[in-house]
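S.K.: Dropping a structure here in C-alpha cells format, bear with me for questions.
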Amino acid sequence: MLHGGVLSLAAAAVLVAGGAGPAGPTIAVAIAPGVGGAGPAGPTIAVVIAPGVGGAGPATPAAPIAVAAGCAPAQHPLIAELLYDAVGDDTGWEFIEFYNPFDRALPLAGARLEAGDGSGPGRWTLRWTGNAVDSVAAGGRFVVGGAKVQPAPRAVVNLDLQNGPDALRVVWPDGAVEVVGYGALEFAEYSCGAPAVDVASGQSVARIPDDADLGSNAADFRAATPSPGRANQSQRDLAVLAGSLVLTPEQPDPGAVARLTGRIENRGATIVAAGEATLVATASAASPAGDVPLFACAVGAALAPGDTVAFDEPLGLEAGKWRLRVAVVVPGDESRANDADSLLVRAGPGPLELTEIQFHPAAGEGEWVEVRNRSVAPLDLAGFTVSDRGGARGTPAGGEGALEPESLAVLAQDRAALLGALSALDARRVWSAGPWPSLNNSNDSTGFADAVVLREADGTPCQRVAYSAAGVPAGVPLEWRDGGWWPASDPAGTPLRPPHTRERLARRFECAPRRLREGGAATLAWDLPWPRARISLELYDMAGRRVARPLEEFPAPARGERLWSAGAAAPGLYVTLARARPDGSGEWIVERGALRIEGSAR
Amino acid sequence: MRPAWITRMAGLAVLVPIALLALAVRAVSQDFTCATPPGPAASAGAFIESGLPPRGAGSALDASYTRWFGLPELETRAVACRAGWRQARVAAGFSQTGETDLGWSAIGLACGVARPTGGAGLRAVARRERAIEPGSAAASRLEARAGAEVGWGAWLEAARRLRLWAAAPQSWSAGVAPPLDRPLEVGGEFECDGLTFWLTRSAPSGGAEADHGAGVALRSEALIAWVSARDRPLRGGVGLAGSARRFFVAAAVESHPELGETVRLSLGLGGAAR
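The structure is reproduced here in C-alpha cells:
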C-alpha cells in the first residue's frame, strides 16, 4: 500500500529534492486532481526519477511511472473509523476515530470535522474543531464522539451524522482535506474515489487495515464491529461470520441428524495455521438443563488474512427449543466479541401447528390459515409470526385472549372479509396477520407452490409446511388429516372446526348419490388399507365402453372423499370403476358400482 | 349360363351387408336380453329387444335373468311370451332392472311378419322409474318418470345359408332417456356344416368409433354352444343352450377386462335359443 504521508494531495504539482545532499536524485512529481477534485477516482501521480549529482549513471531521464496515490493527506492523522448509524436512537453513540500511524505525535489543533449531506452539492456543516491541546500520540487514536461511546471519547460531541449516502471530511489548517463518503453518492465531492459501503445499523465504517490507503474509500473501508479507541484490525482475530449459521433441516426431528453450517473469517493481519483454531458448538435450552456440548473440532484449513472457510458438522438435538452457539477459539485472539454466533432452533414440533391452509380463496374471504395450540399451556398468538417462502413475517393482531390448549384459531389476510364471508366464526379467535405473506397458487419447478412458516417472535422455528397446489380443486383449502396435507373434505374448509372425519365405509369406495341429474356432481368416498394411495375414477356405459374419466389419478389419504362431475355424459345407466393403489407400488383395489344419470331422451 | 337376375341378387347380397356395416351404430340388449347369439332368435325376449321376428310360428314363453358386470344392484329379470299365426308374429313382456333407487320397470311389445326368406317387425318398450319421491318432478310429470321407445328390425335370407339383419331399436324415443343409446346394429351369419359364423357391427352415437363382434356357434338337434368376441375393449364370451321336448334353457357369460362378467340365464317353453 502507498502511504498518504508521502504526498500532499492539495498540491497541483510539487518538485521535490529527492536526496538530502547534492548526491541525491531529483524526483519530479505531477499530481492530477485528487480529493476534492472533479473525478471520482483517486489522483494519478506521474513520478520521474532522475539521478542527481554524484549518481552512479549518466543523467538520462527515466521513463515516468504511474502509481495510485491514497486519499489520506500527508503528515496528518487518518480518519480510521466512523459510526453513523447505531442500533436504535443514534444520539450519543456516534463517533469518529482518528489514527496516527506515524512515530511522532500529530496535532489536531484547527482541524475542522465537517459532515456532508450527500443529497446536494456543497452541503458541508461543521461538527467539531480541534483545540490547541488536542493531538494524537504516535501510533495512537483520538475519538470524537457522543457521551455514550465506550471508552469515553477524548472529545465528547453529539455528531448527529446522517445515514448514508453521506460523507465526513477533515479540513486541516494547511488546507489538506480527507474525505470519507459512504453509500451510493451522487456528487463526487463527497468521497475519495468510490465511496465506502453503507453499513447496517450497529456497524461502523472502519479502515482495514488501520493504515490502508489504496486510493478510494471503497478500498480502504469495510463494515466492522465498532471499536472506538482500538485497532480496527487485530493482528490475530478469527470470527464466526454473524448470521452465517444455518441448521438443515431447519426444524429436525428429535434425535435425528441435522447439519450445522457456517463460516469463519480471519479478520486479523496474520495467518492462522491449519489446526491452530478450534470450533466449539454448544446448545443451551430454555430449561435449566444447562449447556449441552455438541461438537469441538479443529479448523483444518490455514487462513490467510481476509480468508473465510465454511464448516459443516452433524449434530442431534433432543426435543425442544435450543440456542446453538458456535465459537471459534484461537490462541492470542485479540477480539473476542466476534468469536461466536448463535442460532435459535427447535427440534421436534413447536407449540403451535398449522391445521388448514387456504391459499386460493374463491369467495372473496382472503387467504387464511388455521392453527392449533398443541402445547399444554395457553398461547398468546401475538408472540408468533406467519410467513411464506419469501420470509416476510406477519404478526397476528385483532383477536382476543390466549389460545387454550387444543384450541383452534385462524390467521387471516383480511379478517373483516373472512368474518363477513363466514359469519358463524368466533371473531375472538380470528386474527389478522400483517404484513400477510401472499401464498402462491401454482407449483414451480420445485414441485411446491409455496410454504407457510410459523415462528415464535424471536425467530425460533415452530412449523414449516411446504404445500403443493397440484390436484387441489379451486377454492378448496388444504387440511391436515390422516398424516398428510389433503384437499379439505368439506370444499369450503372447516375454519375453527376440526376436519370433517368420515365414518368407516362398508366398502372400499362409495359413490353418492347413485342417481344424479345430467351434468350433476357426485362424491366419491374411499376407505383404503394404506396411509397414502393414488385413486382414479372411470365411467363406462352399459355396452362396456369407457365414456369418461371424471377423476384422473390423484394422491389421496387412507380415507377421504372427492367431488366429481359427470360432465357431458348423456343420460343413462353407467358403471363407475374406482381404482386405488398404494403410493409407490402394490396391488390395485378396484370396485365397480352403478350410476344413473337422469335426463330426457334426445 | 347364369341368369342376369341371379347375378344381380348375388351382387346385392354382397353390397347390402357392406353398406349396412358401414352405416351401423350400436345396439346392445337391455330390458329383455336373452342368452342367445345375436340376430333373429326364437326367443320372445329377443324379438321384443331387437324387433327381429322369429322365423317360426307357434307360441313360446321365456324368462331371463341378467347380472350386469357382476353388480348385484344391476340385475334384469324379464318374462316374455310370443305367438305366431301364419306369417304374423307378436310378443309381449315385462321386465325389471336394478335396485329401487336407480332401476326401472318396463313393458315391451313387438309385432311383425316373417317368412322363411325374411322378416320385419316393430318393437316398443315403455319404462317407468321404480323410485318416485313424493314432491319430485317425477311425481308431478309423466315425462319425468316414464319413457318410451319405438324401433324396428328386419332380416333377410340374402343367399343360401347367408342371413343378414339390421335393427334400430330406438328410432323414436320420448320421456326419460333409455339406459343406453341404441341407434342401429347390423349383422350377418353364415351356416356351414353345423357351424354358424356371425359378424356384427355397431357403434355409439356421437362420432365415436364402431364396435365389432364376431362369433361361432356349433349346432346340433338339441344343443347350441357358441363363443363370441367384441372389441372396445376386447372381450369374449361363451354360451350354451339346450332344449328337450318343448323346454329350453340357456346360459351365457361375457367377460369384460375391467368391469367383470355379465351373466345371462334364460329358460323357456315352446321355443329355442334359435
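Protein chains in written order, with the working numbering: chain L, 1212 to 1813; chain U, 39 to 312. Backbone N, C-alpha and C define an ideal beta-carbon position, used for all residues, glycine too. Given the structure is predicted, the values throughout are model-derived calculations rather than measurements.
#1: Could you check what DSSP says for Ser88 of chain U in three-state terms: helix, strand or coil?
#2: Using a C-beta to C-beta distance shorter than 9 angstroms, which residues of chain U count as neighbours of Ser1747 of chain L?
#3: Determine, for Ala1805 of chain L, whether the minimum Cβ-Cβ distance to residues of chain U falls below 7 angstroms.
#4: I'd like to check one pair, Val1354 of chain L with Glu1308 of chain L: are the Cβ atoms closer than 7 angstroms?
#5: So for Thr1237 of chain L, helix, strand or coil by DSSP?
#6: Examine the Cβ distances between the segment 1562–1571 of chain L and the segment 1515–1529 of chain L and report whether three or more of them are shorter than 8 angstroms.
#7: Please state the DSSP three-state secondary structure of Arg183 of chain U.
#8: Please check if any C-beta of chain C sits within less than 7 angstroms of the C-beta of Pro1782 of chain L.
#9: Let's test the definition: count the other Cβ atoms within 10 Å of the Cβ of Ser258 of chain U and tell me whether it reaches 16, buried, or not, exposed.
#10: Counting only the same chain and skipping the five closest in sequence on each side, list residues whose C-beta sits under 6 angstroms from that of Ser1618 of chain L.
#11: Does the distance from the CB of Pro1820 of chain L to the CB of Gly1704 of chain L come in under 7 angstroms?
#12: CA-CA distance, Arg1813 of chain L and Arg1725 of chain L?
#13: Note down, in chain order, every chain L residue with its Cβ under 7 angstroms from the Cβ of Leu218 of chain U.
#14: At a Cβ threshold of 7 angstroms, is Gly1810 of chain L touching chain U?
#15: From which residue to which residue does the beta strand (DSSP E) around Gly253 of chain U run?
#16: What's the call for Arg1718 of chain L, buried or exposed, on a 16-neighbour Cβ count within 10 Å?
#17: Can you tell which of L:Pro1768, L:Ala1668 and L:Glu1721 has the C-alpha that lies nearest to the C-alpha of Gly1695 of chain L?
#18: What three-state label does DSSP hand Ile56 of chain U in the structure shown?
#19: Tell me, to the nearest whole angstrom, how far the beta carbon of Ala1608 of chain L is from that of Ser1643 of chain L; I am working on the premise that it is less than 8 angstroms.
#20: Can you list the residues of chain U that Leu1788 of chain L reaches, using a CB-CB cut of under 7 angstroms?
#21: Compute the distance between the beta-carbons of Leu1294 of chain L and Phe1306 of chain L, then report whether it is under 7 angstroms.
#22: Below 9 angstroms on C-beta distance, what does Arg1725 of chain L contact in chain U?
#23: Residues of the segment 93–127 of chain U in Cβ contact with chain L at a cutoff of 9 angstroms, in chain order, please.
#24: How should Cys1403 of chain L be labelled, buried or exposed, when 16 other C-beta atoms within 10 angstroms of its C-beta is the threshold for buried?
#25: Closer than 6 angstroms to a non-hydrogen atom of the ligand NAD - does that hold for the CB of Lys1359 of chain L?
#26: Measuring straight from C-alpha to C-alpha, what distance separates Glu1763 of chain L and Pro91 of chain U?
#27: Could you check if Val1410 of chain L is buried or exposed, using at least 16 other CB atoms within 10 Å of its CB as the buried criterion?
#28: My parser needs the beta strand (DSSP E) runs of 3 or more residues fully inside the segment 1715–1743 of chain L; what are they?
#29: Alpha carbon to alpha carbon, what distance is there between Gly1561 of chain L and Leu1528 of chain L?
#30: At the level of alpha carbons, what is the spacing between Ser1346 of chain L and Asp1431 of chain L?
#31: Establish whether the CB of Ser88 of chain U and some CB of chain L are separated by less than 7 angstroms.
#32: Do three or more CB pairs link the segment 1785–1799 of chain L to the segment 1738–1747 of chain L at distances below 8 angstroms?
#33: Tell me the rounded alpha-carbon separation between Ala84 of chain U and Gly191 of chain U.
#34: Return helix, strand or coil for Phe107 of chain U, following the three-state DSSP convention.
#35: How would you call Gly1601 of chain L, buried or exposed, if buried means at least 16 neighbouring beta carbons within 10 angstroms?
#36: If I follow the unbroken alpha helix (DSSP H) through Asn1584 of chain L, where does it start and stop?
M.R.: Per the coordinate set shown:
#1: helix
#2: Near Ser1747 of chain L there are no residues of chain U at all, since even the closest Cβ is about 12 angstroms away, more than 9 angstroms.
#3: yes
#4: yes
#5: Unreliable placement is indicated for Thr1237 of chain L, whose pLDDT of 36 sits below 50; no coordinate value is reported for it.
#6: no
#7: helix
#8: The chain labelled as chain C is not found among the protein chains of the depicted structure, namely L and U.
#9: exposed
#10: Asn1584
#11: The structure shown does not extend to residue 1820 of chain L, since chain L is modelled only from 1212 to 1813, so the question has no answer here.
#12: In a straight line, the C-alpha of Arg1813 of chain L is about 22 angstroms away from that of Arg1725 of chain L.
#13: Asp1752, Met1753, Ala1754, Gly1783 and Leu1784
#14: yes
#15: Its beta strand (DSSP E) spans residues Asp249 to Arg257.
#16: It counts as exposed.
#17: L:Pro1768
#18: Low per-residue confidence applies at Ile56 of chain U: pLDDT is 45, beneath 50, and the placement is therefore not dependable enough to give any value.
#19: With a Cβ gap of about 6 angstroms, Ala1608 of chain L and Ser1643 of chain L count as contacting.
#20: Glu296 and Leu297
#21: yes
#22: Glu111, Glu137, Asp139 and Leu140
#23: Trp106, Phe107, Gly108, Leu109, Glu111 and Leu112
#24: buried
#25: Absence of the ligand NAD is noted for the structure shown, with no ligands found whatsoever.
#26: 45 angstroms
#27: buried
#28: 1720–1723 and 1726–1728
#29: 14 angstroms
#30: 23 angstroms
#31: no
#32: Yes, the segment 1785–1799 of chain L is in contact with the segment 1738–1747 of chain L.
#33: 11 angstroms
#34: In the structure shown, Phe107 of chain U sits in a helix (DSSP, three-state: H, G or I).
#35: exposed
#36: First-last for Asn1584 of chain L: Trp1579 to Asn1584, but that is the beta strand (DSSP E), not the alpha helix (DSSP H).
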